[in-house]
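Numbering (my numbering), first residue to last: 1 to 370.
Backbone N, C-alpha and C define an ideal beta-carbon position, used for all residues, glycine too.
Data first, discussion second: the structure below is written as structure tokens.
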Amino acid sequence: RSDRASDRTGRGGQLVTDTTPEPARFNPAVNLTLARGREFLREPEAVFWVYAFPLVMVVTLGVAFRSRPLEVCRIAVARGGLAESACAVLDRDSRFDARIWSEDECRRRLRSGQVDLILFAHSDPAPRYEYHFDPTRAESALARNTVDDFLQRAAGRKDVVETGERAASEPGGRYIDFLVPGLLGMGLMGGGLWGVGYAVVDMRIRKLLKRYLATPMKRSHFMAALMISRLLFTVSEVLLLLIFARIAFGVVCHGSHLAVGVLILLGSLEFSGIGLLVASRAQTIETVSGLMNAVLLPMWIGSGIFFTTERFPEAVQPLLGLLPLTPLIHALRGIMLEGASILALGADLALIVAWGMVSFFLALRWFRWS
């Protein structure tokens, strides 16, 4: 219906003026955001990967790396000398599983990883213990020190300085506490790249972008709608993950929940912008899939999702720190595990904002409808 009142011919040939106002028009970005939301909710597969799959990962990895007692040290005692008495001493402690074999069998088992340590208990000319272990294996080196300390104490050694100990197992120091911020960052990364970038290429292939081009809509409206719609689902996804981790594993946030919310918002916008940039000119699913994997793989490995970036050589750590996901995970762990304030994470926040702004403006400049 036209904005102007239309004249119609009524009964008796009289002109009737129709003054019914035209329905109010919504902003194009608002309409596109609503359309993207309806499209997402109508796809059960997408709902599963966004909401259910992160919970499955938390449960699987949380159970696999749950807090548990130290594993038993497997000790191969070489036959001969004081082997019988040494094995009897070790059997007093449940931490040790000591068995006597020939020297060749002991070496074979150590080489194949079936035992952690070989113990030679010599009796001539005086009682003496000799340890064979692999120093590159953490469990082997630990077994050497633990067994030696136990045998020396059993032989009457006393500590020069009195010591005490107390077991500490508090939320925040477990692997699951370390893992959850990494999974939050991974979810934001995957949601932004696949949820935005893949959707753009899919619409380009189906010729929907050309139809949008014929509408009274700006390019910025279209991109903003994609980012906002993705943001709505991503925020609900990470909130569900946080609540589930709190209930199921007792994961707590030692810092401000508001600061975590700000990071989630910035991270979602950052990776939505990167997703738009990757898909700005991709023409096929194969192309965008290759580009997505090329962007995702370095961050999957080097941004500290499952283990700290300090495991990498110092020479490459500055480069890993510049990856888009690294400052986000570092900031999330700083707040959730260490209780840091958001002001103390200024460098990480600056890098997150820079990635988001640069990628969005480059996508806005290079984007093509066809």
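Span separating the alpha-carbon of residue i from that of residue j
| i | j | result |
| --- | --- | --- |
| Gly261 | Ser289 | 30 Å |
| Ala5 | Pro44 | For Ala5, the predicted structure reports a pLDDT of 42, less than 50, and the residue's modelled location is therefore unreliable. The matter cannot be settled from this model. |
| Ser85 | Thr326 | 54 Å |
| Val89 | Leu151 | 7 Å |
| Ala143 | Ile247 | 36 Å |
| Glu71 | Arg95 | 7 Å |
| Gly80 | His122 | 8 Å |
| Gly191 | Phe233 | 9 Å |
| Arg8 | Arg368 | For Arg8, the pLDDT reaches just 45, beneath the cut-off of 50, and the residue's location in the model is therefore unreliable, although a value from the coordinates is still provided. So the two alpha carbons sit approximately 44 Å from each other. |
| Leu266 | Arg92 | 56 Å |
| Gly187 | Leu231 | 12 Å |
| Ala154 | Leu240 | 53 Å |
| Glu314 | Ile301 | 16 Å |
| Leu351 | Ser102 | 60 Å |
| Tyr175 | Phe53 | 19 Å |
| Leu41 | Arg108 | 58 Å |
| Pro21 | Tyr198 | Note on Pro21: pLDDT 45, under 50, position unreliable in the model; no value is reported. |
| Arg225 | Thr215 | Looking at the sequence itself, residue 225 is Ala, so the reference to Arg does not match. Approximately 15 Å between the Cα atoms of the pair. |
| Phe249 | Arg111 | 38 Å |
| Val30 | Ser229 | 9 Å |
| Pro23 | Arg281 | Any answer about Pro23 is weak, because its pLDDT of 43 lies below 50 and its placement is not dependable; what the coordinates show is given next. Answer to the nearest angstrom: the Cα atoms are 36 Å apart. |
Beta-carbon separation (whole angstroms), residue i vs residue j, contact threshold 8 Å
| i | j | result |
| --- | --- | --- |
| Ile75 | Val147 | 6 Å |
| Leu362 | Leu277 | 5 Å |
| Phe244 | Leu55 | 5 Å |
| Cys87 | Ala98 | 5 Å |
Under 8 Å between C-beta atoms of residue i and residue j
| i | j | result |
| --- | --- | --- |
| Leu332 | Leu184 | yes |
| Val196 | Met227 | yes |
| Glu105 | Phe120 | no |
| Ile329 | Ser303 | yes |
| Val238 | Ile264 | yes |
| Ile335 | Gly255 | yes |
| Met299 | Met189 | yes |
| Ala364 | Arg219 | A quick correction: the sequence has Leu, not Ala, at residue 364. For Leu364 and Arg219, yes; Cβs fall inside 8 Å. |
| Phe312 | Leu322 | no |
| Thr309 | Gln317 | yes |
| Ala279 | Val201 | yes |
| Phe133 | Asp116 | yes |
| Asp177 | Leu337 | yes |
| Leu209 | Met292 | no |
| Val180 | Val251 | yes |
| Pro135 | Ala141 | yes |
First and last residue of the uninterrupted alpha helix (DSSP H) at residue i
| i | result |
| --- | --- |
| Trp300 | 285–302 |
| Arg79 | Premise fails: Arg79 is in no alpha helix (DSSP H) and is neither H nor E. |
| Leu208 | 208–213 |
| His330 | 325–338 |
| Glu310 | Counting along the chain, Glu310 falls outside any alpha helix (DSSP H), and DSSP gives it neither H nor E. |
| Phe222 | 219–249 |
| Tyr131 | No alpha helix (DSSP H) contains Tyr131, which is instead part of the beta strand (DSSP E) from 128–132. |
| Asp104 | 103–111 |
| Phe271 | 257–278 |
| Thr146 | 138–154 |
| Ala199 | 199–205 |
| Val160 | Looking at the DSSP string, Val160 is not in any alpha helix (DSSP H), and its letter there is neither H nor E. |
| Asp93 | Taken as a continuous stretch (DSSP letters only), Asp93 belongs to no alpha helix (DSSP H), as it is neither H nor E. |
| Leu319 | 317–321 |
| Leu193 | Where Leu193 is concerned, there is no enclosing alpha helix (DSSP H), given that its DSSP letter is neither H nor E. |
Limits of the beta strand (DSSP E) - the one that residue i falls within
| i | result |
| --- | --- |
| Leu343 | Note, Leu343: premise wrong, no beta strand (DSSP E); not H, not E. |
| Leu119 | 117–122 |
- Can you find at least 3 beta carbon pairs, one from the stretch 262–282 and one from the stretch 354–363, that sit closer than 8 Å? yes
- Item | Contact the stretch 196–205 vs the stretch 282–297: 3+ CB pairs below 8 Å | yes
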